[in-house]
Amino acid sequence: MTGADYGYMGETGGLGTGYQFARAQLVTARDCLVLGGFLPPGHTLSTQCVGELVALIEATVGRPRRRGEMLTARLAALRTRVSAPDAQLAR
15 MTGADYGYMG ETGGLGTGYQ FARAQLVTAR DCLVLGGFLP PGHTLSTQCV
65 GELVALIEAT VGRPRRRGEM LTARLAALRT RVSAPDAQLA R
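For the sequence shown, this note's numbering assigns the number 15 to the initial residue and increments by one for each residue that follows.
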(Lines of atoms letter the chains of each structure in order from A; the text may use other names.)
(Lines give C-alpha, C1' and ligand atoms only; values in the text may rest on other atoms or scores of the structure.)
Protein backbone atom coordinates (compact mmCIF):
# COMPACT_ATOMS: atom_id res chain seq x y z
CA MET A 15 0.00 0.00 0.00
CA THR A 16 1.54 3.28 -1.09
CA GLY A 17 1.76 5.79 1.76
CA ALA A 18 0.64 3.31 4.45
CA ASP A 19 2.73 3.04 7.59
CA TYR A 20 3.03 0.86 10.67
CA GLY A 21 0.80 1.97 13.57
CA TYR A 22 -2.26 1.13 15.64
CA MET A 23 -5.13 -0.15 13.52
CA GLY A 24 -8.35 -0.04 15.51
CA GLU A 25 -10.36 -2.43 13.34
CA THR A 26 -7.80 -5.23 13.83
CA GLY A 27 -7.36 -4.44 17.52
CA GLY A 28 -3.61 -4.08 17.32
CA LEU A 29 -0.59 -2.93 15.35
CA GLY A 30 -0.30 -3.24 11.61
CA THR A 31 0.42 -1.45 8.35
CA GLY A 32 -2.34 0.72 7.00
CA TYR A 33 -4.10 4.07 6.98
CA GLN A 34 -6.13 5.97 9.49
CA PHE A 35 -9.19 7.91 8.37
CA ALA A 36 -9.52 11.45 9.67
CA ARG A 37 -12.98 12.87 9.09
CA ALA A 38 -14.85 15.97 10.27
CA GLN A 39 -18.61 15.69 10.22
CA LEU A 40 -21.68 17.54 11.39
CA VAL A 41 -24.40 15.29 12.75
CA THR A 42 -27.99 16.46 13.16
CA ALA A 43 -31.18 14.58 14.04
CA ARG A 44 -31.84 14.02 10.32
CA ASP A 45 -28.51 14.02 8.51
CA CYS A 46 -24.79 13.48 8.72
CA LEU A 47 -22.80 15.97 6.65
CA VAL A 48 -19.15 15.12 6.05
CA LEU A 49 -17.17 18.37 5.96
CA GLY A 50 -13.87 16.82 4.93
CA GLY A 51 -11.50 13.96 5.43
CA PHE A 52 -8.22 12.37 4.41
CA LEU A 53 -6.15 9.21 4.85
CA PRO A 54 -3.01 9.78 6.91
CA PRO A 55 -0.52 6.93 7.38
CA GLY A 56 -1.05 4.60 10.35
CA HIS A 57 1.47 6.28 12.66
CA THR A 58 -0.05 9.80 12.57
CA LEU A 59 -0.91 11.39 15.93
CA SER A 60 -4.48 12.52 16.47
CA THR A 61 -3.34 16.07 17.22
CA GLN A 62 -1.75 16.28 13.78
CA CYS A 63 -4.98 15.02 12.21
CA VAL A 64 -7.07 17.61 14.07
CA GLY A 65 -4.80 20.43 12.91
CA GLU A 66 -5.06 19.30 9.30
CA LEU A 67 -8.84 18.85 9.58
CA VAL A 68 -9.28 22.38 10.96
CA ALA A 69 -7.25 23.80 8.08
CA LEU A 70 -9.25 21.73 5.56
CA ILE A 71 -12.61 22.84 6.98
CA GLU A 72 -11.59 26.50 7.24
CA ALA A 73 -10.46 26.41 3.59
CA THR A 74 -13.87 24.98 2.63
CA VAL A 75 -16.37 26.94 4.74
CA GLY A 76 -14.26 29.91 5.84
CA ARG A 77 -12.63 30.84 9.08
CA PRO A 78 -15.06 31.06 12.01
CA ARG A 79 -15.45 34.14 14.13
CA ARG A 80 -13.22 33.86 17.13
CA ARG A 81 -14.15 34.33 20.77
CA GLY A 82 -12.41 37.72 20.98
CA GLU A 83 -14.91 39.25 18.57
CA MET A 84 -17.80 37.86 20.58
CA LEU A 85 -16.41 39.22 23.85
CA THR A 86 -15.83 42.65 22.31
CA ALA A 87 -19.46 42.77 21.17
CA ARG A 88 -20.72 41.70 24.61
CA LEU A 89 -18.55 44.31 26.32
CA ALA A 90 -19.92 47.06 24.06
CA ALA A 91 -23.50 45.96 24.84
CA LEU A 92 -22.81 45.97 28.57
CA ARG A 93 -21.25 49.43 28.40
CA THR A 94 -24.40 50.71 26.66
CA ARG A 95 -26.63 49.17 29.34
CA VAL A 96 -24.54 50.61 32.15
CA SER A 97 -24.40 54.12 30.65
CA ALA A 98 -28.19 54.32 30.08
CA PRO A 99 -29.14 54.67 33.79
CA ASP A 100 -26.32 57.22 34.29
CA ALA A 101 -27.75 59.33 31.47
CA GLN A 102 -31.24 59.19 33.03
CA LEU A 103 -29.89 60.19 36.45
CA ALA A 104 -28.05 63.14 34.93
CA ARG A 105 -31.34 64.50 33.53
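Ideal Cβ positions, reconstructed from N, Cα and C, are used throughout, including at glycine.
DSSP-derived helix/strand/coil call for residue i
i   : result
G76 : coil
P55 : strand
T61 : helix
Length of the line joining the Cα atoms of residue i and residue j
i    : j   : result
E83  : V68 : 19 Å
S97  : C63 : 47 Å
R105 : I71 : 53 Å
Residue i classed as buried or exposed, judged by whether at least 16 other C-beta atoms fall within 10 angstroms
i   : result
P78 : exposed
P54 : buried
Within 9 Å, strictly: CB atoms of residue i and residue j
i   : j   : result
Q34 : T58 : yes
G28 : R37 : no
G65 : G30 : no
Close Cβ partners of residue i (< 7 Å) along its chain, the five nearest in sequence each way excluded
i   : result
T74 : L49 and G50
heavy atom of the ligand ATP below 8 Å from residue i C-beta
i   : result
R93 : The model depicted lacks the ligand ATP and carries no ligand whatsoever.
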